[in-house]
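Chains as they are written, first to last, in numbering that gives the first Met the number 0: chain L, 0 to 273; chain H, 0 to 273; chain V, 0 to 273.
Yeah, the Cβ is synthetic: ideal placement off N, Cα and C, and Gly gets one too.
Accompanying notes for the structure given below.
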Amino acid sequence: MFEQILETVKNKTPLVHNITNYVTVNDVANIVLACGGSPIMADDAKEVEEITRICSSLVINIGTLNERTVESMILAGKTANELGLPVILDPVGAGASSLRTKTVFRLLEDITFSVIRGNMSEIKTVYEGSGNTKGVDAAPDDAVVEGNLEEAIAFAKRVSQQTGATIAITGAIDIVANQDEACIVRNGHPMMAKITGSGCMLSSVIGAYCGANPNHIFTSTIAAVSAMGLCGEQAYKKVVETNGGTSSFRMFLIDYMSKLDNVLLKGGMKIEDR
Amino acid sequence: MFEQILETVKNKTPLVHNITNYVTVNDVANIVLACGGSPIMADDAKEVEEITRICSSLVINIGTLNERTVESMILAGKTANELGLPVILDPVGAGASSLRTKTVFRLLEDITFSVIRGNMSEIKTVYEGSGNTKGVDAAPDDAVVEGNLEEAIAFAKRVSQQTGATIAITGAIDIVANQDEACIVRNGHPMMAKITGSGCMLSSVIGAYCGANPNHIFTSTIAAVSAMGLCGEQAYKKVVETNGGTSSFRMFLIDYMSKLDNVLLKGGMKIEDR
Amino acid sequence: MFEQILETVKNKTPLVHNITNYVTVNDVANIVLACGGSPIMADDAKEVEEITRICSSLVINIGTLNERTVESMILAGKTANELGLPVILDPVGAGASSLRTKTVFRLLEDITFSVIRGNMSEIKTVYEGSGNTKGVDAAPDDAVVEGNLEEAIAFAKRVSQQTGATIAITGAIDIVANQDEACIVRNGHPMMAKITGSGCMLSSVIGAYCGANPNHIFTSTIAAVSAMGLCGEQAYKKVVETNGGTSSFRMFLIDYMSKLDNVLLKGGMKIEDR
Numbered sequence: 000m001f002e003q004i005l006e007t008v009k010n011k012t013p014l015v016h017n018i019t020n021y022v023t024v025n026d027v028a029n030i031v032l033a034c035g036g037s038p039i040m041a042d043d044a045k046e047v048e049e050i051t052r053i054c055s056s057l058v059i060n061i062g063t064l065n066e067r068t069v070e071s072m073i074l075a076g077k078t079a080n081e082l083g084l085p086v087i088l089d090p091v092g093a094g095a096s097s098l099r100t101k102t103v104f105r106l107l108e109d110i111t112f113s114v115i116r117g118n119m120s121e122i123k124t125v126y127e128g129s130g131n132t133k134g135v136d137a138a139p140d141d142a143v144v145e146g147n148l149e150e151a152i153a154f155a156k157r158v159s160q161q162t163g164a165t166i167a168i169t170g171a172i173d174i175v176a177n178q179d180e181a182c183i184v185r186n187g188h189p190m191m192a193k194i195t196g197s198g199c200m201l202s203s204v205i206g207a208y209c210g211a212n213p214n215h216i217f218t219s220t221i222a223a224v225s226a227m228g229l230c231g232e233q234a235y236k237k238v239v240e241t242n243g244g245t246s247s248f249r250m251f252l253i254d255y256m257s258k259l260d261n262v263l264l265k266g267g268m269k270i271e272d273r
Numbered sequence: 000m001f002e003q004i005l006e007t008v009k010n011k012t013p014l015v016h017n018i019t020n021y022v023t024v025n026d027v028a029n030i031v032l033a034c035g036g037s038p039i040m041a042d043d044a045k046e047v048e049e050i051t052r053i054c055s056s057l058v059i060n061i062g063t064l065n066e067r068t069v070e071s072m073i074l075a076g077k078t079a080n081e082l083g084l085p086v087i088l089d090p091v092g093a094g095a096s097s098l099r100t101k102t103v104f105r106l107l108e109d110i111t112f113s114v115i116r117g118n119m120s121e122i123k124t125v126y127e128g129s130g131n132t133k134g135v136d137a138a139p140d141d142a143v144v145e146g147n148l149e150e151a152i153a154f155a156k157r158v159s160q161q162t163g164a165t166i167a168i169t170g171a172i173d174i175v176a177n178q179d180e181a182c183i184v185r186n187g188h189p190m191m192a193k194i195t196g197s198g199c200m201l202s203s204v205i206g207a208y209c210g211a212n213p214n215h216i217f218t219s220t221i222a223a224v225s226a227m228g229l230c231g232e233q234a235y236k237k238v239v240e241t242n243g244g245t246s247s248f249r250m251f252l253i254d255y256m257s258k259l260d261n262v263l264l265k266g267g268m269k270i271e272d273r
Numbered sequence: 000m001f002e003q004i005l006e007t008v009k010n011k012t013p014l015v016h017n018i019t020n021y022v023t024v025n026d027v028a029n030i031v032l033a034c035g036g037s038p039i040m041a042d043d044a045k046e047v048e049e050i051t052r053i054c055s056s057l058v059i060n061i062g063t064l065n066e067r068t069v070e071s072m073i074l075a076g077k078t079a080n081e082l083g084l085p086v087i088l089d090p091v092g093a094g095a096s097s098l099r100t101k102t103v104f105r106l107l108e109d110i111t112f113s114v115i116r117g118n119m120s121e122i123k124t125v126y127e128g129s130g131n132t133k134g135v136d137a138a139p140d141d142a143v144v145e146g147n148l149e150e151a152i153a154f155a156k157r158v159s160q161q162t163g164a165t166i167a168i169t170g171a172i173d174i175v176a177n178q179d180e181a182c183i184v185r186n187g188h189p190m191m192a193k194i195t196g197s198g199c200m201l202s203s204v205i206g207a208y209c210g211a212n213p214n215h216i217f218t219s220t221i222a223a224v225s226a227m228g229l230c231g232e233q234a235y236k237k238v239v240e241t242n243g244g245t246s247s248f249r250m251f252l253i254d255y256m257s258k259l260d261n262v263l264l265k266g267g268m269k270i271e272d273r
């Protein structure tokens, strides 16, 4: 199945509309190209609907949101929903300011998302804004470790139930969950947290994978999470070999995404059904 | 002649005012520095005229246009025209949304451009907006190949006639044309299409070359197109040597621009008069 | 002392709020991570105060200022002042347009800065805007060389006296000065001027160092200036080894910041009290 997901991305070259932040936008565009997609960045309210219409998916990332772009996100999201295109949400920093939290709540109200990817803190905020009346008491601690893994998976399923989206909670151990099914991904390397954009890049790779495989959102999300982690592992090895640092790591990460094939992916995926 | 073009860029260190998109802006700034120029990015309406006045050329790139920056483009463009400075247009995505198409039409109406660089689809849109009454029927297909090369060259000359600008249509084979003369450039590598910013970077290198050589717009444009392609060829070789991917390619591309000299350029240029 | 500065950055992982330009923002975020801090970029007026409140320091960089973000700078700066957090100013291009100059004057009036870092031209503009009634006649020429070094140090002290900030004037020779004390730093490499963002990155590294060591602003600034220069020296060596260019240099610069430890810093610092 995962082989087909990758194959389809490369055959279809899905156009991915990204309304994203200006910090990591270049890396996002380059990794979408590297994974076989084609990125379009457009955030003016006057054109976002038209741009979404020619695309295969939409990725909304609130990393450097401002009033102007929030309106564009809503317009593009509604258009994608009308057309039945996958819409991915990356709620960067949700919970860190009331603007971010309110924006996430508004996006959740106005747009149906196919996938929501964030760290545990961000997904907790998503949970609060998705009709949950119990607060976040039920949520596990922000770092997902072996000890709270079961709890975290159950939480991810609840967020999926409330939002209707596939939920990807990424960290030392990654969780991908639907209402009824979940799996964990043990790919990745701690150095991914030492560069900016690992999360943003992953969200847009999910956008490319889902854009090419709109009927396989859950599987595509798992494939993207695992692929990204695997590239991180490979990149770290090359950093050691070349006596590099975090900036070399960033380059090698995108390099490996551009070289990823089924052989590498199949040999390296560390996925467990839960 | 090409030797002098390069020499002059390095001797004059032309200041290049870029009103450009936030996706590739960092690469653009770095390649302008690498080729011997000095980049200034400024897009607030309150300062663009003043900034243009201290510069040697202006590059307008509509990659992530919005209402605020379009006004700045017009103001800066008019100032550059008053001063007789070279103005380069990169109509990114023209044709993809009516905002982009309308913006290009407005820019063409208000500003006289020295050089317009885009892919065939973008240049077709430029043609529509430049007083052409025949639609785009006369234009060749979007991919320039041996079979439609003559047609594409003739088209580029017509666009030049209508706009008064040197036209650079880049792709697998690059065309640079004036009203009466044209040449094709066979430098470059397909991996240039696998990173974001190859086109944006080239447009600003053209800005630097023309800024230093304002009386040799046509020759400077050819030199820049060939130089960029040559750096792409060299970069690809190094990607293979280092077992890299697309992100390494991007770095090597800028590296080679920073190391480009007359010996390398002269030995590698693949230019044919047509 | 310098050892403790570095140690504290790594132990505290200071959150650094950056309101900065979109040209170099990615490099800034990555070098803050590389040096042991954690960057947050947020520029909407509705959230900047809240974001500053959760941070250890604030860096204001006017590289691509616009009306919207200037208001955010003021709001964030006042909040940081209330909380007693270090605020760093990078007056990019001050003097190049009246918008930039006026913005710097306004920032100096409304906000108390802990550190102001710029090149000589920018710091001269700061001097004009900080209550100086003598114009810039007393300032040395814009390039700091052995011949005008004493004059430049005396000037830096005067700017410090007028602004209350530690002044860092960077160039071929770097000067760090307080009202009463000064030192020069002879680390660095000319290739730092051949990439965009060397200055922006340094300002935010100062932000991280001061954020972790708010009671040692002067020493932290010296440590950051020297560390950055040292990474430039190391990066250049690796460029030569790998037959690279300016883009490789940029990567190695951030790489070395991510690998910098007390041993390397202690062995390489070139600091002279003056």
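Counting only the same chain and skipping the five closest in sequence on each side, list residues whose C-beta sits under 6 Å from that of residue i.
{"i": "LYS237 (chain L)", "result": "PHE251"}
{"i": "PHE1 (chain L)", "result": "ALA222"}
{"i": "GLY134 (chain H)", "result": "Unreliable placement is indicated for GLY134 (chain H), whose pLDDT of 48 sits below 50; no coordinate value is reported for it."}
{"i": "SER129 (chain H)", "result": "LEU107, GLN161, THR162"}
{"i": "MET256 (chain V)", "result": "ILE30, ALA33, CYS34, CYS230"}
{"i": "THR51 (chain H)", "result": "HIS16, LEU57, ALA75, THR78, ALA79"}
What residue range is occupied by the uninterrupted alpha helix (DSSP H) comprising residue i?
{"i": "ASN80 (chain L)", "result": "66–82"}
{"i": "GLY198 (chain L)", "result": "197–211"}
{"i": "THR102 (chain V)", "result": "97–109"}
{"i": "VAL24 (chain L)", "result": "24–33"}
{"i": "GLU127 (chain V)", "result": "119–127"}
{"i": "ILE172 (chain V)", "result": "No alpha helix (DSSP H) holds ILE172 (chain V); DSSP gives it neither H nor E."}
{"i": "ASN261 (chain H)", "result": "261–267"}
{"i": "CYS54 (chain H)", "result": "Segment: none, CYS54 (chain H) is in no alpha helix (DSSP H) and carries neither H nor E."}
{"i": "ASP254 (chain L)", "result": "245–258"}
Would residue i pass as a contact of residue j if the rule is Cβ separation under 8 Å?
{"i": "VAL184 (chain L)", "j": "LYS269 (chain L)", "result": "yes"}
{"i": "VAL31 (chain V)", "j": "ALA207 (chain V)", "result": "yes"}
{"i": "MET40 (chain L)", "j": "VAL22 (chain H)", "result": "yes"}
{"i": "ILE115 (chain H)", "j": "ILE166 (chain H)", "result": "yes"}
{"i": "MET227 (chain H)", "j": "VAL204 (chain H)", "result": "yes"}
{"i": "THR195 (chain H)", "j": "PRO38 (chain L)", "result": "yes"}
{"i": "SER219 (chain V)", "j": "ILE4 (chain V)", "result": "yes"}
{"i": "VAL86 (chain V)", "j": "ALA93 (chain V)", "result": "no"}
{"i": "ASN65 (chain V)", "j": "ASP254 (chain H)", "result": "no"}
{"i": "ASN177 (chain L)", "j": "PHE217 (chain L)", "result": "yes"}
{"i": "VAL224 (chain V)", "j": "LEU259 (chain V)", "result": "no"}
{"i": "ALA155 (chain V)", "j": "ALA181 (chain V)", "result": "yes"}
{"i": "GLY267 (chain L)", "j": "GLU232 (chain L)", "result": "yes"}
By the 10 Å Cβ neighbour count, where 16 or more other Cβ atoms means buried, how is residue i classified, buried or exposed?
{"i": "VAL144 (chain V)", "result": "exposed"}
{"i": "PRO189 (chain H)", "result": "exposed"}
{"i": "GLU271 (chain H)", "result": "exposed"}
{"i": "LEU82 (chain H)", "result": "exposed"}
{"i": "ASN118 (chain H)", "result": "buried"}
{"i": "LYS123 (chain V)", "result": "buried"}
{"i": "SER97 (chain L)", "result": "exposed"}
{"i": "ASP179 (chain L)", "result": "exposed"}
{"i": "GLY76 (chain V)", "result": "buried"}
{"i": "VAL239 (chain H)", "result": "exposed"}
{"i": "GLU46 (chain H)", "result": "buried"}
Ignore the nearest five residues each way along the sequence and tell me which others in residue i's own chain have a CB closer than 8 Å to its CB.
{"i": "GLU70 (chain L)", "result": "ALA44"}
{"i": "ALA142 (chain L)", "result": "MET119, GLY170, ALA171"}
{"i": "ILE73 (chain H)", "result": "ARG105, LEU106, ASP109, ILE110"}
Taking the beta strand (DSSP E) that residue i falls in, what are its first and last residues?
{"i": "ASN10 (chain L)", "result": "Counting along the chain, ASN10 (chain L) falls outside any beta strand (DSSP E), though it belongs to the alpha helix (DSSP H) covering 1–11."}
(message) When you compare the segment 6–18 of chain V with the segment 55–75 of chain V, are there three or more beta-carbon pairs, one atom per stretch, that lie closer than 8 Å?
(response) The segment 6–18 of chain V is in contact with the segment 55–75 of chain V.
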